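Going by this note's numbering, the sequence shown opens with residue 212, and the numbers climb by one from there. Before any comments, here is the structure.
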Amino acid sequence: MTTFTGRSGNKPLKGTGRFTVGLMPAVFVWLWSTGFIGAKYGLPYAEPFTLLLYRMLSTLVVLGLIAWWLKSKWPSVSGMAHTAITGLLVHGLYLGGVFYAIDDGMPAGVVSIIVGLQPLVTAAVAVVVLREAITLRQWSGLVLGLIGVSLVILEKMGGTSQVSGFPVSALLWTLIALAGISIGTVYQKRFCQRVDLVPGAFIQYCAASVLFALGAFAFESREVSWNMQLILATGWLVLGLSVGAILLLMQLIRRGAASNVASLFYLVPPVTALQAYILFDERLGVLALCGGLLSVLGVALVVIKRDK
Numbered sequence: 212m213t214t215f216t217g218r219s220g221n222k223p224l225k226g227t228g229r230f231t232v233g234l235m236p237a238v239f240v241w242l243w244s245t246g247f248i249g250a251k252y253g254l255p256y257a258e259p260f261t262l263l264l265y266r267m268l269s270t271l272v273v274l275g276l277i278a279w280w281l282k283s284k285w286p287s288v289s290g291m292a293h294t295a296i297t298g299l300l301v302h303g304l305y306l307g308g309v310f311y312a313i314d315d316g317m318p319a320g321v322v323s324i325i326v327g328l329q330p331l332v333t334a335a336v337a338v339v340v341l342r343e344a345i346t347l348r349q350w351s352g353l354v355l356g357l358i359g360v361s362l363v364i365l366e367k368m369g370g371t372s373q374v375s376g377f378p379v380s381a382l383l384w385t386l387i388a389l390a391g392i393s394i395g396t397v398y399q400k401r402f403c404q405r406v407d408l409v410p411g412a413f414i415q416y417c418a419a420s421v422l423f424a425l426g427a428f429a430f431e432s433r434e435v436s437w438n439m440q441l442i443l444a445t446g447w448l449v450l451g452l453s454v455g456a457i458l459l460l461m462q463l464i465r466r467g468a469a470s471n472v473a474s475l476f477y478l479v480p481p482v483t484a485l486q487a488y489i490l491f492d493e494r495l496g497v498l499a500l501c502g503g504l505l506s507v508l509g510v511a512l513v514v515i516k517r518d519k
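Rendered as structure tokens:
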């Protein structure tokens, strides 16, 4: 039976049933999908690196208190170094790349399509670095999921796919984000297996905070228009995403093959589209519904094991 990791990072927490563990991927997908909505509410009032810096610093306070309460075991110097590198990849490059690509003028839908290649890139890297075996069925699921994501994004873009009119820098930021989340997922699986989750996340956010601080002071005015909408958006980005979703992601990576975990990201655009329909009355047409079904099928092909 799959169980959660305890304080030491090696002992399982008792009382964690199959049902609870089985819900983890679904909860993660929902939490991760809300990040786009939180960013939509927050970015009008703060520049990308500045908003991310405030998010990271607030998260460090929360995780620091949690680590103190749990009396968590901190990793060795080598473990800290590997964890910091993971943080620069998974948080620094990915979040910074996505936020700045959109800020540079690339449509959010196009960014999502490019970053949606992440499961394929992760699977390819995992084959080389981790020697993970990817079957033909799993590759078919990865490709099918990518097609499903594209259909959802095209539906949200009104059936158009104009990619001209944005600077080359926006494309570069998006590719940086794609590389960061893909390589970071494999790096986490390879080098950070024995690092306790809460101290590990704390160290990752410390590394990302340094990167965002450098970016904010080098390229931005750091002006923030504080209001209730920004405060609530930042609060959710901290508690729901940076604490809840990331701890779940690290737990899922620890428990499953990197390529299997990466395939869950295929479910994020359909779930985001559904939330946008409920919250903002954005249409959810036949194309998006078909894409969502293809994404679900693609994930199933990757993660569901055949009975021997």
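Every residue, glycine too, gets a C-beta built ideally from N, C-alpha and C. The structure presented is a predicted model; accordingly, all values stated were derived computationally and were not measured.
Going by beta carbons, residue 501 and residue 362 fall inside the 8 Å limit. Within the segment 311–359, no beta strand (DSSP E) run of at least 3 residues lies entirely inside it. Judged by beta-carbon spacing, residue 444 lies beyond the 8 Å limit of residue 265, meaning their Cβ atoms are not closer than that value. Between the alpha carbons of residue 390 and residue 308 lies a distance of about 10 Å. For residue 435, the secondary structure class from DSSP, reduced to helix, strand or coil, is strand. Looking at the backbone, the Cα of residue 425 and that of residue 353 are separated by about 36 Å. The Cβ atoms of residue 298 and residue 416 lie closer than 8 Å to each other. Counting C-beta atoms within 10 angstroms of its own C-beta, residue 282 has fewer than 16 neighbours from the protein chains shown and is therefore classed as exposed.
Residue nearest to residue 413 within the set 262, 487, 237 and 296 is 296 (criterion: CA-CA distance). Residue burial is scored here from C-beta neighbours: residue 449 has at least 16 other C-beta atoms within 10 angstroms and is therefore classed as buried.
The bridge partners DSSP lists for residue 250 come to none. Three or more Cβ pairs closer than 8 Å define a contact, and the segment 235–247 falls short of that threshold against the segment 377–385.
By the CB criterion at 8 Å, residue 506 and residue 481 fall inside the cutoff. Closest by C-alpha distance to residue 328, out of 410, 272 and 358, is 358.
Rounded to whole angstroms, the gap between the alpha carbons of residue 503 and residue 394 is 26 Å. For residue 257, the pairing in a beta bridge is given by DSSP as 435. A straight line joining the alpha-carbon of residue 488 with that of residue 409 spans about 34 Å. Excluding five sequence positions before and after residue 269, the CB atoms of its chain that fall closer than 6 Å to its own CB belong to 449, given in chain order.
Taking one beta carbon from each stretch, the segment 271–288 and the segment 428–436 have fewer than 3 pairs nearer than 8 Å; the two do not touch. Listed in chain order, the non-local C-beta contacts of residue 300 below 7 Å within the same chain comprise 391, 394, 395 and 398, local neighbours out to five positions each way being set aside.
In the structure shown, the three-state DSSP call for residue 411 is helix. Per DSSP, the unbroken alpha helix (DSSP H) holding residue 465 starts and ends at 457–466. Cβ contact annotation for residue 303 (same chain, cutoff 6 Å, sequence separation greater than five): 419 and 422, in chain order. In chain order, 293 place their CB closer than 6 Å to the CB of residue 402, counting only its own chain and leaving out the 5 sequence neighbours on each side. Contact check for residue 256 against residue 436 passes: the beta carbons are separated by less than 8 Å.
One thing to note: residue 388 has its Cβ within 8 Å of the Cβ of residue 305.
With a cutoff of 8 Å on beta-carbon distance, residue 400 and residue 457 are scored as not near each other. Per DSSP, residue 302 lies in no alpha helix (DSSP H) segment and is marked neither H nor E. Residue 345 places its beta carbon less than 8 Å from that of residue 338.
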